[in-house]
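Have a look at the structure below before the remarks.
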Amino acid sequence: MNIVIIGGSNTGLMNGIVLKRLGHNVRILEQNPESKRDDLAAGITTHPIFEEFMDCHDRTTEPWSIHSPGVQFLDKAAAVTRRLNKRLQMTSWGVIYHHLRANFDGFSSNFCPNPPEPEKEDGVTVFECGKRVTGLGHITSGVEITYEDLLNQKEEGKLLADIVIIANGANSALRSSIFTGVERVYAGYVAFRGTVPESEVSEEAKKTFDPNLSYNSFNNGYILLYIIPGTDGSIVPGHRRYNWVWYHPLTTGSPELENIMTDTSGVVHRNTLPVGTMQPSEWAAYVALASKVMCPPFAEMVQKTTQPFITAISDASCPRATAFNGTVFIAGEALNLMRPHMALSTTQSAMQALMLEKFFKHEITLSEFEEQVLQYGRVSALKTNAFGSFFLYGYLSSAGWLVKLAGAVLGGLPPFSWLSDLTEVESVVQK
């Protein structure tokens with residue numbers, strides 16, 4: 405089959421690799437004009453489903469993660485109050501992206517300088533940058549795709565595909581055009597994120613953190629930290645990074661939220677303030693706050709981060725995983741945006757890709773595929789919402805999410821009641 409994937413980030417690549425291995429021809433249309441991508445200073449904690457995906461489909465020989473033996477919780481004095489023995493693998497967005505690119509189309513990078521050779525059974529793969537998809541149409545022979553070539557004066561082009569996978573993230577206008585009304589809803593708090601080179605971390609902080617996933621909770625907030633590969637993908641001690649995430653409540657529409665989401669050029673960002681664009685005066689206030697509420701090792705990490713970025717935590721969930729009579733699939737955060745507390749977003753994409761593999765191998769039906777990926781997304785979203793609410797606000801705040809979680813597990817209760825009112829359209833045009 406000829407398959408087009410809209411979005412060339414990790415979700416699109418995982419689905420593309422699965423379909424390539426099955427012998428299908430896969431073309432990825434990526435809006436970003438650059439093939440080589442920065443790692444976004446974003447760490448990723450993986451779970452067994454993603455590790456299963458890599459075991460099955462990663463043909464590179466380079467390591468992609470750092471082992472963490474467990475989880476520890478610290479008090480204000482940095483003493484360990486609780487420890488969990490749970491094996492985890494820590495990595496970064498950039499490492500995963502370049503490993504997946506090496507497997508998808510043989511893209512060579514500093515992360516994977518010797519990508520694997522195509523195998524005899526593989527389909528043909530193409531990764532096209534600077535292609536912004538503007539419309540989808542359901543036709544007799546499949547799906548018609550309209551796009552703009554951003555590298556060629558926005559020249560318009562068209563493609564025909566047997567199958568289309570929408571994997572262009574939580575802000576997907578195509579998804580929202582098919583299922584009218586699906587939009588991101590702000591959850592009432594933000595995540596500050598940053599990394600510190602291992603060489604800049606004090607020995608005292610290293611003794612406190614290494615090599616665990618560490619948490620520190622305080623009034624109306626918490627912070628976590630773990631070690632990830634260096635900017636070049638190195639996992640050699642001394643060349644790695646300490647990656648932290650700090651969750652902090654900010655009221656919708658408040659001056660405080662607008663101020664921190666306003667970059668150095670005066671532009672207000674709705675969802676993510678990119679690395680290196682936060683106003684120094686705004687960041688200074690939060691560095692001072694960190695020194696008051698956090699234990700010293702965590703406060704050190706915040707203080708030593710010169711270029712944080714911010715994500716406004718929000719929810720979005722699609723009522724269907726397929727459209728156009730099964731010729732369009734919605735994947736990753738375009739299907740279900742999950743709050744990042746339990747690091748389930750990458751895991752969700754891996755699960756969907758492995759289920760798509762089963763569907764294309766005729767091991768499950770289309771309805772079984774859709775039912776399973778929707779149920780996994782519902783349960784995962786409610787789990788992570790309950791987890792985050794507990795650490796931010798305490799037991800009572802998580803009770804409602806736990807009730808919804810029980811309903812989702814027992815009877816398929818949707819996480820957001822307004823989803824039942826959404827309808828699907830047969831063709832979309834994105835402006």
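Residue numbers (my numbering): 405 to 835. Backbone N, C-alpha and C define an ideal beta-carbon position, used for all residues, glycine too.
For residue i and residue j, I'd like the C-alpha separation in whole angstroms.
| i | j | result |
| --- | --- | --- |
| L554 | L433 | 11 Å |
| S852 | A725 | Any answer about residue 852 is impossible in this case: the structure gives the chain only from 405 up to 835. |
| A754 | V706 | 31 Å |
| P348 | G510 | Given a span of 405 to 835 for the chain in the structure shown, any question on residue 348 remains unanswerable. |
| M418 | S576 | 18 Å |
| H673 | P601 | 27 Å |
| I582 | K440 | 31 Å |
| E604 | H428 | 47 Å |
Just to check my reading of the structure: residue i and residue j have Cβ atoms closer than 8 Å, yes? What is that Cβ distance to the nearest angstrom?
| i | j | result |
| --- | --- | --- |
| F515 | G637 | 4 Å |
| L540 | L578 | 6 Å |
| T415 | A735 | 5 Å |
| D719 | V807 | The Cβ separation is near 17 Å, so there is no contact. |
| N675 | A716 | 5 Å |
| F713 | L677 | 6 Å |
By the three-class DSSP mapping on this structure, what secondary structure does residue i have?
| i | result |
| --- | --- |
| W687 | helix |
| M418 | helix |
| R441 | coil |
| T709 | coil |
| A664 | A small correction: the amino acid at residue 664 is Ile; Ala does not occupy that position in the sequence shown. Of the three classes helix, strand and coil, the one that applies to I664 here is helix, per DSSP. |
| R782 | helix |
| M494 | strand |
| N836 | Because the chain spans 405 through 835 in this model, residue 836 falls outside it and cannot be assessed. |
| T450 | strand |
| A703 | helix |
| A747 | coil |
| P653 | strand |
| V640 | coil |
| L433 | strand |
| S472 | strand |
Which one or two residues does DSSP pair with residue i in a beta bridge?
| i | result |
| --- | --- |
| N647 | T599 and Y630 |
| F457 | Beta-bridge pairing links F457 to no other residue. |
| R536 | E552 |
| S718 | Y590 |
| I768 | Beta-bridge pairing links I768 to no other residue. |
| M682 | D667 |
| H542 | V547 |
Between which two residues does the alpha helix (DSSP H) containing residue i stretch?
| i | result |
| --- | --- |
| N507 | W497 to D509 |
| F836 | The structure shown does not extend to residue 836, since the chain is modelled only from 405 through 835, so no value can be given for it. |
| V807 | Y799 to G815 |
The ligand SAM and residue i: does the residue's C-beta get closer than 8 Å to at least one heavy atom of that ligand?
| i | result |
| --- | --- |
| E602 | Judged by which ligands are present, the structure shown has none, so any question about the ligand SAM falls away. |
Can you tell me where the beta strand (DSSP E) with residue i in it begins and where it stops?
| i | result |
| --- | --- |
| S621 | L617 to F622 |
| E560 | E559 to A565 |
| L734 | Reading the sequence as shown, one finds Ile at residue 734 and not Leu. Run containing I734: V732 to I734, per the beta strand (DSSP E) assignment. |
| L488 | V484 to L488 |
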